[in-house]
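Undergrad: Dropping a structure here in structure tokens format, bear with me for questions.
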Amino acid sequence: MIPLAQPVLGPREEELVLEVLRSGQLSLGPMLPAFEEGFARRLGVAHASAVSSGTAGLHLALRAVGVTDGDEVVTSPFSFVASANAIVYERATPVFVDIDPVTLNVPADGVAAAVNERTRALLPVHIFGYPADVPGLERLGLPIVEDAAEALGATFPDGVPVGARGHPAVFGFYANKQLATGEGGMVTTGDAAVKERIDSERNQGRAPNMDWLDHDRLGFNYRLSDVACALGLAQLERLDGMLADRARVAGWYREALAGIEGLGLPCEDAGGDRRGWFVFVVQVPRGRGRDEVIHGLRMRGVQCKPYLPAIHLMSFYRERFGHREGEFPVCEDVAARSLALPFFPAMTEGQVARVAAALREAVGQGSAS
-12 MIPLAQPVLG
-2 PREEELVLEV
8 LRSGQLSLGP
18 MLPAFEEGFA
28 RRLGVAHASA
38 VSSGTAGLHL
48 ALRAVGVTDG
58 DEVVTSPFSF
68 VASANAIVYE
78 RATPVFVDID
88 PVTLNVPADG
98 VAAAVNERTR
108 ALLPVHIFGY
118 PADVPGLERL
128 GLPIVEDAAE
138 ALGATFPDGV
148 PVGARGHPAV
158 FGFYANKQLA
168 TGEGGMVTTG
178 DAAVKERIDS
188 ERNQGRAPNM
198 DWLDHDRLGF
208 NYRLSDVACA
218 LGLAQLERLD
228 GMLADRARVA
238 GWYREALAGI
248 EGLGLPCEDA
258 GGDRRGWFVF
268 VVQVPRGRGR
278 DEVIHGLRMR
288 GVQCKPYLPA
298 IHLMSFYRER
308 FGHREGEFPV
318 CEDVAARSLA
328 LPFFPAMTEG
338 QVARVAAALR
348 EAVGQGSAS
């Protein structure tokens, strides 16, 4: 069975984790600032704040830009549900915009059309690691929080890394991410005041001097342990290699899948945008049942999964906000046909060929060997 994902851990991770365990300081120790400083330096951004998850980071970042009761935040319906949930946490309303059929990101003109007097912020999602049009969104003059959870290693046409444009950007370190700490996330920002607020609110609203007797604002338990920070710090040291490995596997997939008629592949880098490879998601040819294809792949020893459902059609969002089918046709079509294939840095060309042969047979265009 070829697994869907496989984290890459090595001796350096073991070394730093043992250092933490021997120190006895499992949280709020020296690994936390070391990881933050290393991550900020990697992106070329002034500040970074480590948090317990990408979702926690989105929540704190939205609070930091002032999102609150009754506000609206324009975002994508084609994302992991956390990007919309974080908006609802602050009793605001996610306003969805249909996605571009090529990049699968929200287009700037569509976002502009959705802005009104209640719009407090924009939350673009760099879906599957491909950069959203943040430069275009910046021209709208509203606060931006970037969901960069899938986009570590991506860059904009001007060469600026995703996460380094100054406004809050949130990365995730779940086990299948480019950099994996099991759970965890990071918020990058160019604003020292935003970092100060996030650092306080992740730790129950503790005062800036870290005096545990004084908590001067509402806060949360969104800390990231030193054990997780040690894993992240070790992987930062070899991130270039891990990103290159992912890009190589993606290249093999493009070649192996190119002849499958009607199969939708991830868009090529264009206009100077560069993807940070996270997953390899395809859309099955129209007329083929996605679930049937998934079953066929699993029967042939290939793990895969539907990826991603349309947020606005999830039960909670239907019931809470009255969403219905047909609102965002591009998103709905892509979501209904998408599946994630096995994808991880240590994947071999032979494994990719096996997946491609199984997929070709599962969609009725050949025989697996």
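Going by the working numbering, the residue at position 319 of the sequence shown is 306; the numbering climbs one at a time, nothing skipped.
Using N, Cα and C, we set each Cβ at its ideal position, and we do this for glycine too.
So, under 8 Å CB-CB, Thr80 and Tyr117 are touching, yes? Tell me the CB distance rounded to an integer number of Å.
TA: As a first step, residue 80 must be located in the sequence shown, where it is residue number 93. As a first step, residue 117 must be located in the sequence shown, where it is residue number 130. Contact flag wrong, Cβ pair sits at about 26 Å.
Undergrad: Please report the straight-line C-alpha distance between Gly140 and Gly259, rounded to a whole angstrom.
TA: The residue labelled residue 140 in the question sits at position 153 within the sequence shown. The residue labelled residue 259 in the question sits at position 272 within the sequence shown. Straight-line Cα distance between these residues: approximately 14 Å.
Undergrad: Alpha carbon to alpha carbon, how far is Leu328 from Met(-12)? Give it in angstroms, no decimals.
TA: Residue -12 sits at position 1 when you count from the first residue of the sequence shown. Residue 328 sits at position 341 when you count from the first residue of the sequence shown. About 12 Å.
Undergrad: Roughly how many angstroms lie between the CA atoms of Trp264 and Ala33, to the nearest whole one?
TA: What you label residue 264 is simply residue 277 of the sequence shown in a count that begins at 1. What you label residue 33 is simply residue 46 of the sequence shown in a count that begins at 1. Answer to the nearest angstrom: the Cα atoms are 24 Å apart.
Undergrad: Please return the same chain residues whose Cβ sits closer than 6 Å to the Cβ of Ala349, not counting the five positions on each side in sequence.
TA: By 1-based counting over the sequence shown, the position of residue 349 is 362. Residues of the same chain with a CB within less than 6 Å of the CB of Ala349, apart from the 5 flanking positions on each side, are Val280, Gly283, Leu284 in chain order.
Undergrad: From the DSSP secondary-structure annotation, give me the bridge partner or partners of Val98.
TA: Here residue 98 refers to the residue found at position 111 when the sequence shown is read from its first residue. Paired residues: none, contrary to the question.
Undergrad: For Leu200, count the other beta carbons within 10 Å of its own beta carbon; 16 or more makes it buried, fewer makes it exposed. Which is it?
TA: Residue 200 sits at position 213 when you count from the first residue of the sequence shown. Under this definition Leu200 is an exposed residue.
Undergrad: If we ignore side chains and look at the alpha-carbon of each, how far apart do Ala71 and Ile298 end up?
TA: By 1-based counting over the sequence shown, the position of residue 71 is 84. By 1-based counting over the sequence shown, the position of residue 298 is 311. One Cα belongs to Ala71, the other to Ile298, and the distance between them is close to 8 Å.
Undergrad: Taking the C-alpha atoms as reference points, what is the distance between Arg277 and Pro17?
TA: Position 290 of the sequence shown holds residue 277. Position 30 of the sequence shown holds residue 17. Straight-line Cα distance between these residues: approximately 47 Å.
Undergrad: Return the CA-CA distance between Val266 and Val339, expressed in angstroms with no decimal places.
TA: Translated into the one-based positions of the sequence shown, residue 266 becomes position 279. Translated into the one-based positions of the sequence shown, residue 339 becomes position 352. If I take the Cα positions, the gap works out to 13 Å.
Undergrad: So, for Arg225: in the same chain, excluding its five sequence neighbours on each side, which residues have a beta-carbon less than 8 Å away from its beta-carbon?
TA: Residue numbering aside, residue 225 sits at position 238 when the sequence shown is read from its first letter. Take Arg225, set aside five residues on each side of it, and the residues of its chain with a beta-carbon closer than 8 Å to its own are Gly(-3), Arg(-1), in chain order.
Undergrad: Between Gly159 and Gly41, is the Cβ-Cβ spacing less than 8 Å?
TA: Taking the sequence shown and counting its residues from 1, one reaches residue 159 at position 172. Taking the sequence shown and counting its residues from 1, one reaches residue 41 at position 54. Closer than 8 Å, so yes.
Undergrad: Going by DSSP, what residues sit across from Glu133 in a beta bridge?
TA: As a working note, residue 133 is residue 146 in the sequence shown. DSSP, once it has assigned bridges, lists Ala156 as partnering Glu133.
Undergrad: Considering only the alpha carbon of each residue, which of Val7, Val132, Glu255 lies closest to Gly238?
TA: For the purposes of this step, residue 238 is identified with residue 251 of the sequence shown, where counting begins at 1. Of the listed residues, the one whose Cα sits closest to Gly238 is Glu255.
Undergrad: Mind checking Asn361: buried by the 16 CB within 10 Å criterion, or exposed?
TA: Residue 361 lies beyond the range of the chain shown here (-12 to 356); nothing can be said about it.
Undergrad: Taking C-alpha atoms, which residue in Val38, Asp213, Arg50 lies nearest to Arg78?
TA: Here the question's residue 78 lines up with position 91 in the sequence shown. Cα-wise, what sits closest to Arg78 is Arg50.
Undergrad: Quick check: the Cα distance between Asp87 and Ala95, rounded to an integer number of angstroms?
TA: As a first step, residue 87 is located in the sequence shown; it is residue number 100 there, counting from the start. As a first step, residue 95 is located in the sequence shown; it is residue number 108 there, counting from the start. Looking at the two C-alpha atoms, the distance is approximately 10 Å.
Undergrad: Put Arg28 into one of helix, strand or coil per three-state DSSP.
TA: Translated into positions along the sequence shown, residue 28 becomes position 41. It is helical.
Undergrad: Buried or exposed for Gly219, please, with buried defined as at least 16 other CB atoms from any protein chain shown within 10 angstroms of its CB.
TA: Numbered from its first residue, the sequence shown carries residue 219 at position 232. Label assigned to Gly219: buried.
Undergrad: Val38 and Gly31: beta carbons closer than 8 Å?
TA: Within the sequence shown, numbered from 1, the residue matching residue 38 stands at position 51. Within the sequence shown, numbered from 1, the residue matching residue 31 stands at position 44. Not in contact: Val38 and Gly31 (Cβ atoms no closer than 8 Å).
Undergrad: When DSSP builds the beta bridges, which residues end up paired with Pro81?
TA: As a first step, residue 81 is located in the sequence shown; it is residue number 94 there, counting from the start. Per the DSSP secondary-structure output, Pro81 pairs in a beta bridge with Val60.
Undergrad: What distance in whole Å lies between the Cβ atoms of Val(-5) and Pro332, which are believed to be in contact at a cut-off of 8 Å?
TA: As a working note, residue 332 is residue 345 in the sequence shown. As a working note, residue -5 is residue 8 in the sequence shown. About 5 Å; that satisfies the 8 Å criterion.
Undergrad: Pull up the DSSP beta-bridge partners for Gln270, would you.
TA: Locating residue 270 in the sequence shown gives position 283, counting from the first residue. Answer is Gly251, Ser325, bridged to Gln270.
Undergrad: DSSP state of Lys292, grouped into three classes?
TA: Here residue 292 refers to the residue found at position 305 when the sequence shown is read from its first residue. Correct three-state label for Lys292: strand.
Undergrad: So, at 7 Å on beta carbons, what are the nonlocal neighbours of Arg152 in its own chain, with the 5 sequence-adjacent residues on each side left out?
TA: For the purposes of this step, residue 152 is taken as the residue at position 165 of the sequence shown. Excluding positions up to five away in sequence, the list reads Val121.
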